[in-house]
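Novice: Before I ask anything, let me first share the structure, which is written out below as structure tokens.
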Amino acid sequence: MGGALVAGWRRARAFSPGELMVRDPYAGGEALAAAEAGARLNPADGDLAAANTVILAVKPQAWLQAAEAAAPHLRRARSSSRSWPGSRPKRSAPHSAAGT
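Take 244 as the starting number for the sequence shown in our numbering and just add one per residue.
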């Protein structure tokens, strides 16, 4: 699945190769092709802090282990008022005083 994502992003030119970090202990053709184009293949744990977005393309039974391994090396997300096209801002529910 991860290889298909990388292949699609490369075809769509969604990212420059230098923006991608691919961690794959058994790197296949798509990961190797991305690395040849400039992606970082199997970067050191500390390098993950530079990632803006992390996608764990792993089998369902492996997600917890993958997340636990990566989490200590990621930076905390910054709060942002940026919204994605088509998204609506979230509104909080009105508060009511108890007993009134």
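All C-beta atoms in this analysis are idealised placements derived from N, C-alpha and C, irrespective of residue type, glycine included. All figures in this text were calculated on a predicted structure; none of them were measured in a lab.
Answer with buried or exposed for residue 273, where buried requires no fewer than 16 other C-beta atoms within 10 angstroms of its C-beta.
Specialist: Buried, since its Cβ has 16 or more Cβ neighbours within 10 Å.
Novice: Comparing C-alpha positions only, which one of 285, 277, 288 and 298 sits nearest to residue 254?
Specialist: It is 277.
Novice: Rounded to a whole number of angstroms, what is the C-alpha to C-alpha distance between residue 288 and residue 262?
Specialist: So the alpha carbons of these two residues sit roughly 16 Å apart.
Novice: For residue 286 and residue 266, what's the separation of their Cα atoms in angstroms?
Specialist: Cα-Cα distance, rounded: 7 Å.
Novice: Just to confirm before moving on: does the CB-CB distance between residue 294 and residue 301 stay below 9 Å?
Specialist: Going by C-beta atoms, residue 294 is not nearer than 9 Å to residue 301.
Novice: Which class does residue 338 belong to by DSSP, given the choice of helix, strand or coil?
Specialist: Low confidence applies here, because residue 338 scores a pLDDT of 49, under 50, leaving its location unreliable and the question unanswered by this model.
Novice: With distances taken from CA atoms, which of 284, 280 and 290 is nearest residue 269?
Specialist: With distances taken between Cα atoms, residue 269 lies closest to 284.
Novice: Checking 9 Å against the spacing of the C-beta atoms, do residue 291 and residue 307 come in under that value?
Specialist: No, the pair does not count as a contact, with Cβ atoms beyond the cut-off.
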